[in-house]
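Written below as structure tokens is the structure these notes are about.
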Amino acid sequence: QVKAERQKPSGLLQPLPIPEWKWEHLTMDFVFKLPRTQNKHDGVWVIVDQLTKSAHFLP
């Protein structure tokens, strides 16, 4: 027995544009369940610049 395909065919992949300036395009994420600091923080906010790949970590 063969099941019918129920998903719409995916389109062609499109390349992402390359940023022209530093800090023009950022990605952000939160990381939790880390060991607690003296200030009782257990997570960090991670910000990454997509052009330079430099990362900043904020409690």
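Under my numbering, the first residue of the sequence shown carries the number 56, and numbering increases by one thereafter. Idealized CB from N, CA, C, for every residue including glycine. This one's a predicted model, so the numbers in the text were calculated from it and none came from an experiment.
Practice task
Would you kindly check if the distance between the Cβ of V103 and the Cβ of V86 is under 8 Å?
Solution key: It is not a contact, given that the beta carbons lie outside the stated cut-off.
Handout entry: Own chain residues within Cβ distance below 6 Å of L113, not counting five before or after
Key = Once the five neighbours on either side are set aside, the close Cβ partners of L113 are W100.
Handout entry: Cβ neighbours of W78 in the same chain (closer than 7 Å, five flanking residues each side left out)
Key = For W78, the CB contacts under 7 Å within the same chain, skipping 5 residues up- and downstream, are D104 in chain order.
Practice task
Give the DSSP-derived three-state secondary structure of A59 in the structure shown.
Solution key: The DSSP-derived three-state label of A59 is coil.
Handout entry: Element boundaries [beta strand (DSSP E), containing D104]
Key = V99 to D104 is the extent of the beta strand (DSSP E) around D104.
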